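Written out below as structure tokens is the structure these notes cover.
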Amino acid sequence: MVTGSSGGSGGGSGLLTHAQAAALFTAAGITWSSSGNCSDRNSSSCTSFDGLRQASADGAVALRRASGCAMNITGGTETGHASGTYSHWNGYKLDFAMSSCLTGYVTGTFPYSGQRGDGAALYTAHSGNIYANEGNHWDVTFLN
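The sequence shown finishes on residue 1475 if you use this note's numbering, and the numbering steps up by one all the way, no holes.
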């Protein structure tokens, strides 16, 4: 596992430990929660950041700063999410609790780009990041 700083502004592919990502989120004022009050990656009732891509963590911090919204992460890299290349487990996705502030920012800033197979409304940023409204949370895929 690659951990730590990429050493430059262009390298966002490194993988973080839970502690590293948690420190970044805390510094940015982003909170997180889990139904099990835990961070074990192998338990679906936990919220873990182990194996989160640096680019995904940076994207969450940028979203917090740009939106000015309070943000709470409810899903990270823990087991129990859908599989695939750009999955939670592979460090590309984070779930954020639904809030009127975040919803207003996403829908007012990024163009609507259709519906996912499960019916979730999609909004795609110019960066390529995809925001899916899953009803009770935003499922965000950080591609850049």
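Ideal Cβ positions, reconstructed from N, Cα and C, are used throughout, including at glycine. Being a predicted model, the structure only gives us computed values, none of them experimental.
1) The beta strand (DSSP E) that contains Y1417, what's its start and end?
2) Give me, in chain order, the residues of the same chain whose beta-carbon lies closer than 8 angstroms to that of G1406; leave out the 5 immediate sequence neighbours on both sides.
3) By a C-beta neighbour count over all protein chains shown, 10 Å radius and 16 as the cutoff for buried, is H1457 buried or exposed?
4) Apart from the five residues on each side of it in sequence, which residues of its chain come closer than 6 angstroms, Cβ to Cβ, to M1484?
5) Short of 6 angstroms in beta carbon distance, which residues of its chain neighbour A1359, apart from the five on each side in sequence? Order them along the chain.
6) Which residue from L1347, T1408 and Q1446 puts its Cα closest to that of C1369?
7) Hey, could you find the ends of the alpha helix (DSSP H) S1444 is sitting in?
8) With DSSP as the reference, label G1466 as helix, strand or coil.
9) Where T1357 and G1459 are concerned, what is the direct C-alpha to C-alpha distance, given to the nearest angstrom?
Result, derived from the coordinates:
1) Going by DSSP, Y1417 is part of no beta strand (DSSP E) at all; its letter is neither H nor E.
2) Correct list, in chain order: T1378, H1412, H1419, K1424, L1425, D1426, H1468 and D1470.
3) Exposed is the call here.
4) Nothing about residue 1484 can be reported from this structure: the residues present for the chain run from 1332 to 1475 only.
5) These residues qualify, in order along the chain: V1392 and R1395.
6) Considering only alpha carbons, the answer is T1408.
7) Here S1444 belongs to no alpha helix (DSSP H); instead the beta strand (DSSP E) covers Y1443 to Q1446.
8) G1466: coil per DSSP, three-state reduction.
9) The straight-line gap from Cα to Cα measures roughly 25 angstroms.
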